[in-house]
Amino acid sequence: MDPLLMPDNPYLLLTPGPLSTTKTVKSVMFRDWCTWDDDYNTIVEWIRRRLVRLGSDTDEYTAVPMQGSGTFCVEATVTTAVPQDGKLLVLANGAYGRRIAEIARRCGIAHAVQDSGELAPPDPDRLEAALKADGAITHVAVVHCETTTGMLNPVTAIGNIVKDHGRIFILDAMSSFGGIPMDVKTMGVDYLVSSANKCIQGVPGFGFVIAKKDVLAKTRGQARSLSLDLYDQWRTMEDHHGKWRFTSPTHVVRAFFQALWELEEEGGITARHSRYCTNHRILVEGMQRLSFQPLLAAELQSPIITAFLSPTHAAWSFSRFYADLKARGFVIYPGKMTDSDTFRIGTIGDVHAEDMVRLIDAVADAMACCREK
Ligand SMILES: *Cc1c(COP(=O)(O)O)cnc(C)c1O
Numbered sequence: 008m009d010p011l012l013m014p015d016n017p018y019l020l021l022t023p024g025p026l027s028t029t030k031t032v033k034s035v036m037f038r039d040w041c042t043w044d045d046d047y048n049t050i051v052e053w054i055r056r057r058l059v060r061l062g063s064d065t066d067e068y069t070a071v072p073m074q075g076s077g078t079f080c081v082e083a084t085v086t087t088a089v090p091q092d093g094k095l096l097v098l099a100n101g102a103y104g105r106r107i108a109e110i111a112r113r114c115g116i117a118h119a120v121q122d123s124g125e126l127a128p129p130d131p132d133r134l135e136a137a138l139k140a141d142g143a144i145t146h147v148a149v150v151h152c153e154t155t156t157g158m159l160n161p162v163t164a165i166g167n168i169v170k171d172h173g174r175i176f177i178l179d180a181m182s183s184f185g186g187i188p189m190d191v192k193t194m195g196v197d198y199l200v201s202s203a204n205k206c207i208q209g210v211p212g213f214g215f216v217i218a219k220k221d222v223l224a225k226t227r228g229q230a231r232s233l234s235l236d237l238y239d240q241w242r243t244m245e246d247h248h249g250k251w252r253f254t255s256p257t258h259v260v261r262a263f264f265q266a267l268w269e270l271e272e273e274g275g276i277t278a279r280h281s282r283y284c285t286n287h288r289i290l291v292e293g294m295q296r297l298s299f300q301p302l303l304a305a306e307l308q309s310p311i312i313t314a315f316l317s318p319t320h321a322a323w324s325f326s327r328f329y330a331d332l333k334a335r336g337f338v339i340y341p342g343k344m345t346d347s348d349t350f351r352i353g354t355i356g357d358v359h360a361e362d363m364v365r366l367i368d369a370v371a372d373a374m375a376c377c378r379e380k
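In my numbering, the protein residues as written are 8 to 380.
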């Protein structure tokens, strides 16, 4: 079968990942690879170098891919980076921040949580006070784009405080890396975690950590797990020219290589960011015309995913709205907040302005049907 003759997807994914990917990204998975052969490992090494370049223009960082979903990489980072006598401070304002704390709890890592609630970004002053008051804290972790609400957290301000106080900074940039320009060095980041299936627009199967080399180099023997040992994964890749320790998701890696090329062809992260911003603007303006209100104020909102307040009238049913939109070719996302009733629409992936215009028409149709019923 000619891969380019594959049937079209029945709907577009407007979710925070996995996302709609291009046909070409999917098509390059139509061959098999040997994991210890040069052909394959050359691709892995190219990918690692390219990831470092996307995050920084210095040579102080390395990129370490890790099997599994994004959470596996957050867990690999936290459980490798924080030593036995270390303590992690988590700044949480949503489900993904809380998940970092949960990883620490499950793995017996000393930790503290500053929870600013789902509607407020972490407070840099409160962070500074905690770092001054508690000398035991060695690491600070925060989410960049908190996908629960779509909020963009003030990570540069946070990173600068963490660095001023000589602590290690872990950033979950899962849903933003590749879609929002960022520089790990300026942000004071020691470990940035992201995954193949978000803004780079690959398919799911692995994530990666962009880590400061001298910091990662000191973590030998610290990991609480064999398979999630970030240090060992890094050393094996360095010493064996891109070899993964255990079976690697070869097809997914090949698709990711293609996705990185397509990011380049699009004009890099700046161009992708501007496409996502356009998608987001069309979405919000269109939804507002249809009387939907975004949860967040515009200045807190990312172009990645937008939470809308569910209508309060009796005829509203998210599951019917979801099914109506799916039948019209769009899959949206339920809310994930503890206190507000919301639903979410993603604007990332192989999704373009004309798709967002069609989406707004579909929402208008779905609402008209819902009123008739
Ligand atoms: C998607 C995401 C993750 C990881 O989720 P997985 O389902 O494990 O891939 C982690 N943090 C944030 C902010 C995310 O958006």
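Virtual Cβ for every residue (Gly too), placed ideally from N, Cα, C. Owing to the predicted nature of the structure, the values given are computational and were not obtained by experimental measurement.
Check: Rounded to whole angstroms, what's the CA-CA distance from D197 to A218? Just pull it up for me.; Outcome: 6 Å
Check: Quick check: D39 and T313, are their CB atoms within less than 9 Å of each other?; Outcome: no
Check: What residues are listed by DSSP as bridge partners for M6?; Outcome: Only positions 8 to 380 of the chain appear in this structure, which leaves residue 6 out of reach.
Check: Any chance you could list the alpha helix (DSSP H) runs of at least 4 consecutive residues sitting entirely within the stretch 181-249, in chain order?; Outcome: 220-223 and 237-246
Check: If we ignore side chains and look at the alpha-carbon of each, how far apart do Y283 and T277 end up?; Outcome: 10 Å
Check: Under a Cβ-count criterion, where at least 16 other Cβ atoms within 10 Å of its own Cβ denotes burial, should H118 be classed as buried or exposed?; Outcome: buried
Check: Write down the C-beta distance between L134 and I168 rounded to the nearest angstrom, noting that I regard them as a contact closer than 8 Å.; Outcome: 6 Å
Check: CA-CA distance, D130 and P161?; Outcome: 9 Å
Check: Should G185 be counted as a contact of ligand 1 given a C-beta to heavy atom distance under 8 Å?; Outcome: no
Check: Going straight from the alpha carbon of L95 to that of C114, what length do you get?; Outcome: 12 Å
Check: Would you report the Cα separation of F184 and T319, rounded to the nearest angstrom?; Outcome: 35 Å
Check: What would DSSP say about L58, mapped onto helix, strand or coil?; Outcome: helix
Check: CA-CA distance, E109 and V85?; Outcome: 11 Å
Check: With a cut-off of 8 Å, do at least 3 Cβ pairs link the stretch 186-197 to the stretch 149-165?; Outcome: yes
Check: Between G212 and the rest of its own chain, which residues show a CB-CB distance below 7 Å, the 5 nearest in sequence each way excluded?; Outcome: A203, P256 and V259
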